[in-house]
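For reference, each letter of the sequence shown is one residue, going 96 to 293 in my numbering.
Each residue gets a CB set at the ideal place from its N, CA and C atoms; glycine is no exception.
Everything below concerns the one structure shown next.
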Amino acid sequence: MTSIITGDIINSRGQDANDWLTELKSQLALYGETPKQWEVYRGDSFQIELPLKDALKAAILIKASLKQFKTIDVRLAIGIGEKTYDADHITESNGSAFINSGECFEQLKKTNLAVKSGRTEFDIPINIMLELALITMNTWTPTTASLVKLALTKPEANQIELAELTQSTQGNISQGLKRAGYDEILKMIQYYTKNVQP
Numbered sequence: 096m097t098s099i100i101t102g103d104i105i106n107s108r109g110q111d112a113n114d115w116l117t118e119l120k121s122q123l124a125l126y127g128e129t130p131k132q133w134e135v136y137r138g139d140s141f142q143i144e145l146p147l148k149d150a151l152k153a154a155i156l157i158k159a160s161l162k163q164f165k166t167i168d169v170r171l172a173i174g175i176g177e178k179t180y181d182a183d184h185i186t187e188s189n190g191s192a193f194i195n196s197g198e199c200f201e202q203l204k205k206t207n208l209a210v211k212s213g214r215t216e217f218d219i220p221i222n223i224m225l226e227l228a229l230i231t232m233n234t235w236t237p238t239t240a241s242l243v244k245l246a247l248t249k250p251e252a253n254q255i256e257l258a259e260l261t262q263s264t265q266g267n268i269s270q271g272l273k274r275a276g277y278d279e280i281l282k283m284i285q286y287y288t289k290n291v292q293p
């Protein structure tokens, strides 16, 4: 079992591509090499293979990284399943994880982050949670997104340490994480991690 995230940038022409593309590639590179494990194609679309349990946290980290740019957002479809054909380019590999990711991506009309595993007892609750989380996540300002990115990449850091890293106060960090819905997002990631495998 593996997970495939298919994504594309919303409003990619509204910002200098060098800015957000560098940020996107640095996030994707955390999970492996291009083009085997991840690839950017058609200028503003991308695909990445991740260990099953890492996919939702990675998707939220990608979203936070790109929301640091005022006009940019991202659509992300997480597909869970098998990889039955392993090509040199991820975009040429195949299997149910790729099919689920592609079908999930095609259905991203009213939302911009969803999961498809083919197991309705998992897909329905996690997607309801995501729709609720996106009410907050879609309104992240660049400052809030930057704080979420930092907190996700330094899970061992407490608020005082995060304040030192951002030259802010512990009170500002606390308020910023609360505004971001950070504790609730962590609970959702924990639910996903615990229940993603049947």
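Query                                                                                                                               : Result
Closest to S269 by C-alpha separation, out of Q254, Q262, G102, would be which residue?                                             : Q254
Unbroken alpha helix (DSSP H) runs of length 4 or more, entirely within the stretch 127-176: which are they?                        : 150-161
Taking the DSSP output, what are the residues bridged to S98?                                                                       : L145, I175
Determine the direct distance from the alpha carbon of Q122 to that of L156, and round the result to whole angstroms.               : 8 angstroms
Taking DSSP's pairing of strands, which residues face D103 in a bridge?                                                             : S140, R170
State the DSSP-derived secondary structure class of N267, mapped to helix, strand or coil.                                          : helix
Can you tell me where the alpha helix (DSSP H) with V291 in it begins and where it stops?                                           : Taken as a continuous stretch (DSSP letters only), V291 belongs to no alpha helix (DSSP H), as it is neither H nor E.
Between I185 and S212, how many whole angstroms is the CB-CB distance? I'm expecting something under 8 angstroms.                   : So it is not a contact: roughly 19 angstroms between Cβ atoms.
From which residue to which residue does the beta strand (DSSP E) around K211 run?                                                  : 208-211
Please tell me whether K244 and S160 are closer than 9 angstroms, where the distance is taken between their beta carbons.           : yes
Comparing C-alpha positions only, which one of V210, N189, S191 sits nearest to C199?                                               : V210
Rounded to the nearest angstrom, what separates K204 and G276 at their Cα positions?                                                : 23 angstroms
Buried or exposed: which applies to T215, given that a residue is buried once 16 or more other Cβ atoms fall within 10 Å of its Cβ? : exposed
When the distance is taken between beta carbons, is I219 closer than 9 angstroms to S196?                                           : no
Pick out whichever of I105, P130, E144 has its Cα sitting closest to the Cα of M96.                                                 : E144
I'd like the span of the alpha helix (DSSP H) that includes W115, first residue to last.                                            : 112-123
In angstroms with no decimal places, state the Cα-to-Cα distance between Q202 and L225.                                             : 14 angstroms
Between the C-alpha atoms of A192 and Q132, what's the straight-line distance to the nearest angstrom?                              : 14 angstroms
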